[in-house]
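Asks: With the first letter of the sequence shown counted as 1, position 295 gets the number 295 in UniProt numbering; the numbers rise by one all the way through.
My structure is below; once you've seen it, I'll send some questions.
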Amino acid sequence: MAAEGDLPADLLTAEGDLPADLLTAEVKHSSGDFVPPDGLCWVSVLSCLLLACSYVGSLYVWRSDLPRDHPAVIKRRFTSVLIVSGLSPLFVWTWRQFTGVRTGPALLSLMGIRFEGLIPAILLPLMLTMVLFLGPLMQLAMDCPWSFMDGVRVAIDPWFWTLCFSDMRWLRNQVVAPLTEELVFRACMLPMLVPCAGPLTAIFTCPLFFGVAHFHHVIELLRFRQGTLSGIFLSAVFQFSYTAVFGAYTAFIFIRTGHLIGPVLCHSFCNYMGFPAISTAMEHPHRFTVLSSYLMGVILFLFFLFPFTDPAYYGLPTPVCTLTSSPSSLCLS
Numbered sequence: 001m002a003a004e005g006d007l008p009a010d011l012l013t014a015e016g017d018l019p020a021d022l023l024t025a026e027v028k029h030s031s032g033d034f035v036p037p038d039g040l041c042w043v044s045v046l047s048c049l050l051l052a053c054s055y056v057g058s059l060y061v062w063r064s065d066l067p068r069d070h071p072a073v074i075k076r077r078f079t080s081v082l083i084v085s086g087l088s089p090l091f092v093w094t095w096r097q098f099t100g101v102r103t104g105p106a107l108l109s110l111m112g113i114r115f116e117g118l119i120p121a122i123l124l125p126l127m128l129t130m131v132l133f134l135g136p137l138m139q140l141a142m143d144c145p146w147s148f149m150d151g152v153r154v155a156i157d158p159w160f161w162t163l164c165f166s167d168m169r170w171l172r173n174q175v176v177a178p179l180t181e182e183l184v185f186r187a188c189m190l191p192m193l194v195p196c197a198g199p200l201t202a203i204f205t206c207p208l209f210f211g212v213a214h215f216h217h218v219i220e221l222l223r224f225r226q227g228t229l230s231g232i233f234l235s236a237v238f239q240f241s242y243t244a245v246f247g248a249y250t251a252f253i254f255i256r257t258g259h260l261i262g263p264v265l266c267h268s269f270c271n272y273m274g275f276p277a278i279s280t281a282m283e284h285p286h287r288f289t290v291l292s293s294y295l296m297g298v299i300l301f302l303f304f305l306f307p308f309t310d311p312a313y314y315g316l317p318t319p320v321c322t323l324t325s326s327p328s329s330l331c332l333s
């Protein structure tokens with residue numbers, strides 16, 4: 001067994017902390033790189049799978065013949081997902097106790113709940129996402145009958161926000177779903193995946209749980225016969241692909257910034273905008289301007305992706321990056 005002094009200061013594993021089936025899970029070094037304890041990845045993946053099943057399963061503890069968008073169904077699901085989300089940090093705590101992995105940052109800090117670099121974490125990822133949606137935003141602005149000042153007056157009108165928060169669908173799409181899904185599928189899963197998979201692999205592994213979790217919509221589409229079987233299947237494949245790509249993006253933001261607030265705000269914004277209506281843009285009266293905005297948005301997004309998420313703005317190293325002794329460029333400024 002390696003001596004404690006040979007271990008990274010932020011990641012200690014003691015043989016006495018491990019169960020019998022993980023007693024061989026020693027922390028070793030090969031060319032200075034951290035080798036995860038034997039069995040750690042299996043425990044991490046199973047923990048993430050259990051957490052994902054708990055989240056999705058909580059939506060179906062209520063028996064109802066009503067569709068998912070009915071206010072009564074939404075309110076009941078609010079109750080169950082908020083309970084599961086509130087208990088989700090216990091999964092991370094249990095994983096940490098079971099594996100014997102010791103971390104320097106506190107549990108809430110690992111989950112992106114911290115104050116250091118909070119203002120950049122609120123502004124920069126959201127601005128980056130808005131740059132990506134430059135085309136749809138331009139299209140929306142050109143088609144909107146309101147002037148800019150009309151929009152400002154509506155945005156600062158308390159009655160407008162009262163109506164929003166009284167609308168169960170708006171509250172689900174803009175507040176509850178972004179908050180609970182990012183907490184469960186990013187803030188809780190990434191700290192469990194990074195130690196065994198590394199930051200880059202974790203970014204592309206974590207969204208698989210997120211994408212598969214959205215397959216439950218297929219059950220309701222089939223149940224209420226909302227479309228043909230082939231149409232529902234194609235919709236499910238598209239939704240899985242879209243949510244997996246989006247999940248990789250917010251996982252990237254979480255690892256680079258070490259904050260939960262950025263992914264939550266980006267998730268809420270994307271839910272509001274929806275998938276870009278490219279077919280509509282192709283038929284727009286000002287097609288050249290709109291399509292040019294789409295292309296410019298993608299180019300600027302790729303240009304600003306790393307500068308806007310530079311960990312130097314959010315405090316180095318970001319907490320989740322302390323879970324690996326050989327951080328990739330994702331964790332560095």
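Where a beta carbon is used, it is the ideal one built from N, C-alpha and C, also for glycine.
Since this is a predicted model, take the numbers as computed values, not measurements.
Rounded to the nearest angstrom, what separates PRO67 and GLY231 at their Cα positions?
Replies: 19 Å
Asks: Would DSSP call ARG63 helix, strand or coil?
Replies: When secondary structure is reduced to three states using DSSP, ARG63 falls in the coil class, being assigned neither helix nor strand.
Asks: Using the Cβ count rule (16 or more neighbours within 10 Å means buried), how would you classify TRP95?
Replies: Burial is judged here by how many other beta carbons sit within 10 angstroms of a residue's own beta carbon; TRP95 has at least 16 and is buried.
Asks: Where LEU316 and ILE255 are concerned, what is the direct C-alpha to C-alpha distance, given to the nearest angstrom?
Replies: 11 Å
Asks: For THR205, does the three-state DSSP call read helix, strand or coil?
Replies: helix
Asks: According to DSSP, is THR103 part of a helix, a strand, or is it coil?
Replies: strand
Asks: Using only the alpha-carbon positions, how far apart do LEU128 and LEU59 sit?
Replies: 32 Å
Asks: Look at the alpha carbon of ILE156 and the alpha carbon of PRO311, and state the distance between them as a whole number of angstroms.
Replies: 33 Å
Asks: From which residue to which residue does the alpha helix (DSSP H) around GLN174 run?
Replies: In the DSSP assignment, GLN174 falls outside any alpha helix (DSSP H) and carries neither an H nor an E.
Asks: Looking only at its chain, what residues have a beta carbon closer than 7 Å to the beta carbon of PRO105, apart from the 5 residues adjacent to it on each side?
Replies: Excluding positions up to five away in sequence, the list reads PRO319, THR322.
Asks: Which one of PHE269, VAL131, TYR272, TRP93 has the shortest CA to CA distance from SER293?
Replies: VAL131
Asks: Can you tell me which of PRO285, ALA177, PHE91 puts its alpha carbon nearest to the alpha carbon of LEU193?
Replies: PHE91
Asks: Rounded to whole angstroms, what's the CA-CA distance from ASP10 to VAL237? Just pull it up for me.
Replies: Because ASP10 sits at a pLDDT of 42, beneath the cut-off of 50, its placement in the model cannot be relied upon, and the following sentence gives the value as read from the coordinates. Those two C-alpha atoms are separated by around 40 Å.
Asks: Below 8 Å, can you find three or more Cβ-Cβ pairs linking the stretch 98 to 115 to the stretch 65 to 80?
Replies: no
Asks: Under a three-way DSSP split, which group does ILE119 fall into?
Replies: helix
Asks: Compare the Cα-Cα distances from HIS259 to each of GLY274, LEU126, VAL175, PHE209 and report the closest residue.
Replies: LEU126
Asks: Closest to LEU137 by C-alpha separation, out of SER329, GLY297, PHE303, THR324, would be which residue?
Replies: GLY297
Asks: Taking the alpha carbon of GLN139 as the point to measure from, which residue in PRO71, PHE303, PRO285 has its own alpha carbon closest?
Replies: PRO285
Asks: Once DSSP output is grouped into helix, strand and coil, what is the label at LEU7?
Replies: Annotation note: pLDDT 37 at LEU7 (below 50); position unreliable, no value reported.
Asks: Measure the CB-CB distance between LEU51 and CYS188 and report whether it falls below 8 Å.
Replies: yes
Asks: Do you know how far the Cα of THR257 is from the Cα of LEU123?
Replies: 12 Å
Asks: Comparing alpha-carbon positions, which option in VAL184, ARG172, THR324 lies nearest PHE209?
Replies: VAL184
Asks: So, under 8 Å CB-CB, PRO195 and THR324 are touching, yes? Tell me the CB distance rounded to an integer number of Å.
Replies: 6 Å
Asks: Check each candidate in VAL81, PRO191, SER64 and name the one with the smallest Cα separation from SER44.
Replies: PRO191
Asks: Using CA atoms only, rank isn't needed, just tell me which of ASP65, MET149, THR243, ALA141 is closest to LEU182.
Replies: This sequence places Glu at residue 182; Leu is not what is there. Among ASP65, MET149, THR243, ALA141, the Cα nearest to that of GLU182 is on THR243.
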